[in-house]
Amino acid sequence: MSSNDTTSSSAIIELNQISIYLSTILGFVILYAGLFGNSFNIFLFFTLGNYKRNACSFYMLSKSFFDLGILAFGLWTALLRQGFHLDFTTQNSIWCKIRYPLIDLTGFSSLTCLCLESLDVFLSSSRSATMRMKSNVKVARVLVGGFFIVWIGHGIPYMFIQDLVQRACVGTSSIYTQYYRGYFVNLGLYVFIPVVFISIFGFLTYRNLRNITSNRNPVCALTRQMIHMTLSQIGAVLLFNGPLAIFLAYSVGTANVKQKSIFRQAREQVAQSFFGVYTYGTYSSSFYCYYAASKRFRHEVSDFLKIRRRRRTNQLMPRTDSMMLQQQQTSRV
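So the sequence shown is numbered by my numbering: it starts at 542 and just counts up by one.
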């Protein structure tokens, strides 16, 4: 019995080490890809200026800012804690109180922008002129600002519930932590509600797009581009949030099972650690989805890079010419 216990314990330890190693590598890949992609989105959207006259473009720009926020507050701090054992929530009570509200603020705002984006492309692709007129930038600004205030208010109670107790950042209310945050926030607000919302309007938009193609109704190039970009982003959310939804549903369904073996608990912990990092792909994939789905977006990226390269060349050429002139003067002397 003792040898079996030793073997199982070593297997569990090895499994946990592999989980930490893989999750850390995956996390850094997602982090760097997200930092580059979202930063490029921001520069590109600001340069083109479409967000000033197109609601969907405004949602995409806003989402890129929020994606950078959740990658910094959520993924980066999680990687420091998991891979390098640097947990600042156990060292600073203020950071312990505000970390989850900041994660929720940026995460919910990002998902809200995506939901509004899916609704906007549905309106833009409608055959009804009245429906298309409901898609405008003024309404988009009001909606993003309004929901941003709502999510700020949502995070305020958590600042009073979360506290630093014996060098551990824990929730002082078990009901709030287990039921409200564990079930409603993690399973409902982060996964179920946005996935259902974007799936419904993604399907309706796809149906509108097929009707437009079959009936040969004219649609401006920018609107068609936004539709393809949004549908690709919806697919990415389903790809990254789908497995987490299945795991969370499994966790809720087996929460009352008392006779779980130690090895089963270890495997569940590994899955939780992996999917907790994997789901951040939702917030780092927008640029790559846009690039893959839209030919016009690829051209805009290429033109943007060419302009930057020309500016750099123009800055270097005068210096090169002066060096050649100095060499000619030296040779003459």
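Glycine included, every Cβ here is placed at the ideal spot set by N, Cα and C.
None of these values were measured; they are calculated from a predicted model.
| field | Whether Tyr824 touches Gly624 by CB criterion (8 Å) | value | Sequence index remark: in the sequence shown, residue 824 carries index 283 (1-based). Sequence index remark: in the sequence shown, residue 624 carries index 83 (1-based). Against a cut-off of 8 Å, the Cβ pair of Gly624 and Tyr824 comes out as no contact.
| query | Near Leu780, which residues of its chain fall below 8 Å by C-beta distance, leaving aside the five closest residues on each side in sequence? | reply | Working through the sequence shown from its first residue, we reach residue 780 at position 239. These residues qualify, in order along the chain: Gly822.
| field | Proximity to Leu646 [Cα-Cα], best of Leu589, Ala670, Lys836, Phe688 | value | In the sequence shown, residue 646 corresponds to position 105, counting from 1. Checked all of Leu589, Ala670, Lys836, Phe688; the closest Cα to Leu646 is Phe688.
| request: Alpha carbon to alpha carbon, how far is Ser603 from Thr630? Give it in angstroms, no decimals. | output: Working through the sequence shown from its first residue, we reach residue 630 at position 89. Working through the sequence shown from its first residue, we reach residue 603 at position 62. About 28 Å.
| query | Mapping DSSP to helix, strand and coil, what is Asp628? | reply | Stepping through the sequence shown from its first residue, residue 628 is reached at position 87. Asp628 falls in the coil class under three-state DSSP.
| In chain order, what residues of the same chain have a beta carbon less than 8 Å from the beta carbon of Phe845, not counting five sequence neighbours either side? | Position 304 of the sequence shown holds residue 845. Closer than 8 Å at Cβ, skipping near neighbours: Phe584, Leu585, Thr588.
| Asn633 burial status per 10 Å Cβ neighbour count (16 or more: buried) | Position 92 of the sequence shown holds residue 633. Burial call: exposed.
| message | Would Val680 and Ala812 qualify as a contact pair, given that the criterion is a beta-carbon distance under 8 Å? | response | For the purposes of this step, residue 680 is taken as residue 139 along the sequence shown, with counting starting at 1. For the purposes of this step, residue 812 is taken as residue 271 along the sequence shown, with counting starting at 1. At the C-beta level, Val680 and Ala812 stay beyond 8 Å of one another.
| Selected residue, minimal CA-CA separation from Asn749, among Ile639, Asn591, Leu660, Leu621 | Counting from one through the sequence shown, the residue named residue 749 turns up at place 208. Here the closest residue by C-alpha is Leu660.
| query | Between Asn818 and Ser564, is the Cβ-Cβ spacing less than 8 Å? | reply | Here residue 818 refers to the residue found at position 277 when the sequence shown is read from its first residue. Here residue 564 refers to the residue found at position 23 when the sequence shown is read from its first residue. What sits at residue 818 in the sequence shown is Val, not Asn. Judged by beta-carbon spacing, Ser564 lies within the 8 Å limit of Val818, meaning their Cβ atoms are closer than that value.
| message | Let me confirm a value: Lys638 is counted as buried when at least 16 other C-beta atoms fall within 10 Å, else exposed. Which label applies? | response | On the sequence shown, residue 638 is found 97 positions in, with the first residue counted as 1. Answer is buried; the Cβ neighbour count reaches 16.
| said: To the nearest angstrom, how far is the alpha carbon of Phe738 from that of His626? | reply: Numbered from 1 along the sequence shown, position 197 holds the residue referred to as residue 738. Numbered from 1 along the sequence shown, position 85 holds the residue referred to as residue 626. Straight-line Cα distance between these residues: approximately 37 Å.
| message | Residues in the same chain with beta-carbon distance under 7 Å from Tyr641, minus the five sequence neighbours each way, listed in chain order, please. | response | Within the sequence shown, the letter at position 100 stands for residue 641. Closer than 7 Å at Cβ, skipping near neighbours: Tyr699, Gln703.
| message | Could you compute how far the alpha carbon of Phe742 sits from the alpha carbon of Phe663? | response | In the sequence shown, counting from the first residue as 1, residue 742 sits at position 201. In the sequence shown, counting from the first residue as 1, residue 663 sits at position 122. Taking the straight line joining both Cα atoms gives about 6 Å.
| query | Considering only the beta carbon of each residue, do Ser605 and Thr764 sit closer than 8 Å? | reply | Taking the sequence shown and counting its residues from 1, the one referred to as residue 605 is at position 64. Taking the sequence shown and counting its residues from 1, the one referred to as residue 764 is at position 223. No, they are not a contact pair.
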